[in-house]
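S.K.: Okay, handing you the structure first.
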Amino acid sequence: MDVFLMIRRKKLTIFTDAKDTTTVLELKKMIEGILKVTPQSQMLFNKDSQLMDDEKTLAEYGLTSATAKAQSPAPIGLALRWINTKRLCCGLDETDASTNLASQRFCNIPSSFD
Numbered sequence: 011m012d013v014f015l016m017i018r019r020k021k022l023t024i025f026t027d028a029k030d031t032t033t034v035l036e037l038k039k040m041i042e043g044i045l046k047v048t049p050q051s052q053m054l055f056n057k058d059s060q061l062m063d064d065e066k067t068l069a070e071y072g073l074t075s076a077t078a079k080a081q082s083p084a085p086i087g088l089a090l091r092w093i094n095t096k097r098l099c100c101g102l103d104e105t106d107a108s109t110n111l112a113s114q115r116f117c118n119i120p121s122s123f124d
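Each residue of the sequence shown is one higher than the one before, starting from 11 at the first, in our numbering.
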């Protein structure tokens with residue numbers, strides 16, 4: 011079944027649809043077609059601000075046709091990082107213990123999608 015998604019990063023919003031059997035990596039490839047950013051440079055976050063695993067399907071994150079409808083698409087957070095420096099889009103070191111909080115503040119990874 012189709013799931014409808016709203017992918018957000020800062021002031022950028024992408025509306026797209028996919029099957030609930032689509033993997034996160036396949037979703038990243040869809041985003042690559044739009045933004046020209048490789049899947050390795052993308053990090054996707056679910057509504058609980060958990061980093062989404064490339065190998066899991068959207069259904070495994072609870073994104074189904076019942077929860078992600080056209081009139082109320084499921085929100086997904088997007089952060090970009092530079093591969094060569096292993097830094098987040100906001101320039102913070104990925105291994106820093108404060109990255110999660112800092113990325114929410116500076117990269118607009120929402121702490122909740124209310």
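Cβ coordinates follow ideal geometry from the N, Cα and C atoms, glycine included.
Here the structure is a predicted model, which means the values were calculated and not measured.
(1) If you run the structure through DSSP and keep just helix, strand and coil, what is R97?
(2) Determine, using beta carbons only, whether V13 and T67 come nearer to each other than 8 Å.
(3) Which whole-angstrom value is the C-beta distance of N56 and I24, which I expect to be below 8 Å?
(4) Leaving out five residues on either side along the sequence, give the residues of the same chain with a beta carbon under 8 Å from the beta carbon of A84.
(5) Since I believe Q52 is in contact with L88 (beta carbons under 8 Å), could you give me their beta-carbon distance rounded to a whole number of angstroms?
(6) Can you give me the Cβ contacts of K39 inside the same chain, cut-off strictly under 7 Å, excluding the 5 residues immediately before and after it?
M.R.: With the given structure in hand:
(1) In this prediction, R97 has a pLDDT of 49, which is less than 50 and means its spatial position is unreliable; what the coordinates show is noted afterwards. In the three-state reduction of the DSSP assignment, R97 falls in the strand class, which pools E and B.
(2) Cβ distance not < 8 Å, so V13 and T67 don't count as in contact.
(3) Taking the Cβ atoms as the reference, N56 lies roughly 16 Å from I24, outside the contact range of under 8 Å.
(4) Only V13, F14, L15, M16, K57, L73, T77 and A78 meet the Cβ criterion.
(5) Contact holds; Cβ gap of about 6 Å.
(6) Only residues of its own chain outside the window of five on either side were considered, and among them P49 have a CB closer than 7 Å to the CB of K39, listed in chain order.
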